[in-house]
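**Student:** Numbering (our numbering), first residue to last: 36 to 200. Yeah, the Cβ is synthetic: ideal placement off N, Cα and C, and Gly gets one too. Note that this is a predicted model, so its numbers are computed, not measured. I'd like to ask some things about the structure below.
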Amino acid sequence: MLTYRPLLREQVPIFASLHYQCWMETYPGLIPQAYLDQMSLEENIARFDALYDLIGAYQYLVYEDEKPVGLFDISPAREQVEDCLSEVQGLYLSKASHGKGIGRAIITYVQEVLRARKEHAFYLWCLQSNPTVHFYEHMGGQIVTSREVDFSGVNLTEVCFVFRF
Numbered sequence: 036m037l038t039y040r041p042l043l044r045e046q047v048p049i050f051a052s053l054h055y056q057c058w059m060e061t062y063p064g065l066i067p068q069a070y071l072d073q074m075s076l077e078e079n080i081a082r083f084d085a086l087y088d089l090i091g092a093y094q095y096l097v098y099e100d101e102k103p104v105g106l107f108d109i110s111p112a113r114e115q116v117e118d119c120l121s122e123v124q125g126l127y128l129s130k131a132s133h134g135k136g137i138g139r140a141i142i143t144y145v146q147e148v149l150r151a152r153k154e155h156a157f158y159l160w161c162l163q164s165n166p167t168v169h170f171y172e173h174m175g176g177q178i179v180t181s182r183e184v185d186f187s188g189v190n191l192t193e194v195c196f197v198f199r200f
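See below:
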């Protein structure tokens, strides 16, 4: 059974550890290894702890049978993307949780939360080279723009998906 829980301060180490794990599982070969090598679990925990008062209210942990398997956030839009008021900043699942329908369930949950707020769209950014782009397309996301981002001196392309419901 899946449950979505708003992040509590005492859960920041769980959130940050899962975030770190997902980056280490997902991004080798997609971003420069030098960028990944400079990351540390301890610094990730400290960073999310320092940011908790600013963004903690938007963050969620995803549990499958009481085990944390994913995380995401639903935050106010940081930039003007069409008529979206909200952005999903980071949607991560542990590699062991891929292919179980959890990503689909998270997208559905986000839509339910936003529908209750009378919103009808959200956006998220994804590296163009990330195979997850195919999942987002399958889920109905439409690429509306792109941008270049710097990872350890290497420019990579991110694409912006808008989901309407």
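If contacts are defined as beta-carbon pairs under 8 Å, then Glu193 and Leu162 qualify, I think. What distance do you get, rounded to the angstrom?
**Tutor:** Position 158 of the sequence shown, counting from 1, holds the residue named residue 193. Position 127 of the sequence shown, counting from 1, holds the residue named residue 162. Between Leu162 and Glu193 the Cβ distance is about 6 Å, and since that is below 8 Å, they are a contact.
**Student:** Pick out whichever of Pro41, Tyr98, Val189, Gln46 has its Cα sitting closest to the Cα of Ile109.
**Tutor:** Position 74 of the sequence shown, counted from the start, is the residue given in the question as residue 109. Among Pro41, Tyr98, Val189, Gln46, the Cα nearest to that of Ile109 belongs to Pro41.
**Student:** In the DSSP assignment, the beta strand (DSSP E) including Ser121 goes from what residue to what residue?
**Tutor:** For the purposes of this step, residue 121 is identified with residue 86 of the sequence shown, where counting begins at 1. Taken as a continuous stretch (DSSP letters only), the beta strand (DSSP E) holding Ser121 covers 121 to 128.
**Student:** Identify which residue in Ser187, His169, Val189, Cys195 has its Cα closest to the Cα of Ile178.
**Tutor:** Taking the first residue of the sequence shown as 1, we reach residue 178 at position 143. Of the candidates Ser187, His169, Val189, Cys195, the one whose C-alpha sits nearest the C-alpha of Ile178 is Cys195.
**Student:** Starting from the N-terminal side, write out each stretch of the alpha helix (DSSP H) that is 4 residues or longer and does not extend beyond the segment 52 to 111.
**Tutor:** If we require 4 residues or more, the alpha helix (DSSP H) runs fully inside the segment 52 to 111 come out as 68 to 72, 76 to 90.
**Student:** Kindly list the residues whose CB is nearer than 7 Å to the CB of Gln124, restricted to its own chain and excluding five residues on each side of it in sequence; keep chain order.
**Tutor:** Along the sequence shown, read from residue 1 onward, the residue named residue 124 stands at position 89. Counting only Cβ-Cβ distances below 7 Å, and skipping sequence neighbours, we find Asp108, Ser110.
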